[in-house]
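Letter by letter, the sequence shown follows residues 126 to 306 in this note's numbering. Here a beta-carbon is modelled for each residue, glycine too, at the ideal position from N, C-alpha and C. Just so we're clear, the structure is a prediction, and the values are computed from it rather than from any experiment. Here the structure is laid out as structure tokens; the discussion comes afterwards.
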Amino acid sequence: MGERPYVIDQMISAKAIAARIEELCDDIRNEFADTEKLVVVGLLRGSFVFIADLVRELDMSVEVDFIEASSYGDAMESSREVRILKDLRGAIEGRDVLVVEDIVDTGHTLHHVINLLKSREPAKLRSIALLDKPTRREVDFRADWIGFEIPDEFVVGYGIDFAQRNRNLPYIGKVRFTNDA
Ligand code: IMP
Ligand code: MG
């Protein structure tokens, strides 16, 4: 699988991502207008670029924390059983929390993480995903904010990987295999 040759076709430009983040941050600032210090929680590893751009555009008082859930490994298929590999450093009880994810596919990962964090009784818990593939959904879950809805394509870039590659592309591209028989 990792050996199959592929090319990457640009799907969402860096400029389009930046413009969308400005819009999203207007909404988020309104939602958390009364929040003294927002806890922004990134899901490792795919959200690291998005969360960096998001918190700088937000321009409000934030704390940044990370949580890591088990993912695809090096495959392109999601596993339905989600495990927490690295938990938050800080407590979130009574706090206002925004969970930041790169992409919602089947929905299992973010759904599981949100339920876990909910059990810790934050005052307010919201979620944002840069990308959403609604046609792939297996659990009834939607993030509060979505950057872009995309079709059922395997995408990379802007933090998102294929077998740990291509996270550093500044844009979102789709993987196209070149030796399809
Ligand atoms: P879900 O649990 O099926 O919603 O999967 C979510 C996770 O799968 C995301 O956090 C990504 O890490 C990964 N994922 C889903 N779709 C893609 C993709 O198109 N490219 C790379 N990773 C993806
Ligand atoms: Mg992920």
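Here DSSP, grouped into helix, strand and coil, assigns Leu213 to coil. Excluding five sequence positions before and after Asp152, the CB atoms of its chain that fall closer than 8 Å to its own CB belong to Trp270, given in chain order. Between the beta-carbon of Leu223 and that of Val174 there is about 16 Å, and that puts the pair past the 8 Å contact cut.
The beta carbon of Phe191 sits no closer than 7 Å to any heavy atom of the ligand IMP. Annotated three-state conformation of Phe266 is coil, per DSSP. The beta carbons of Leu294 and Phe273 sit no closer together than 8 Å.
Around the beta carbon of Val229, 16 or more other beta carbons lie within 10 angstroms, which makes this residue buried.
Only buried fits Leu242, as 16 or more other CB atoms lie within 10 angstroms of its CB.
Residue pairing of Glu188 in beta bridges, as defined by DSSP: Val164.
Not one heavy atom of the ligand IMP lies closer than 7 Å to the C-beta of Val165. The way I'd put it, the segment 180-188 does touch the segment 139-154; three or more beta-carbon pairs between them come closer than 8 Å. Closest in alpha carbon position to Val281, among Pro130, Arg129, Asp134 and Glu128, is Asp134.
Distance from the CA of Tyr283 to the CA of Ala248, rounded to the nearest whole angstrom, comes to 31 Å. The alpha-carbon of Thr160 is positioned some 16 Å away from that of Ser252. Excluding sequence positions up to five before and after Pro130, its CB lies within less than 8 Å of the CB of Phe302, Thr303 and Asn304, all in the same chain and listed in chain order. Under the three-state reduction of DSSP output, Lys249 falls in the strand class. Taking C-beta atoms as the reference points, Arg292 and Asp277 fail to come closer than 8 Å.
The ligand IMP has no heavy atom closer than 7 Å to the beta-carbon of Gly215.
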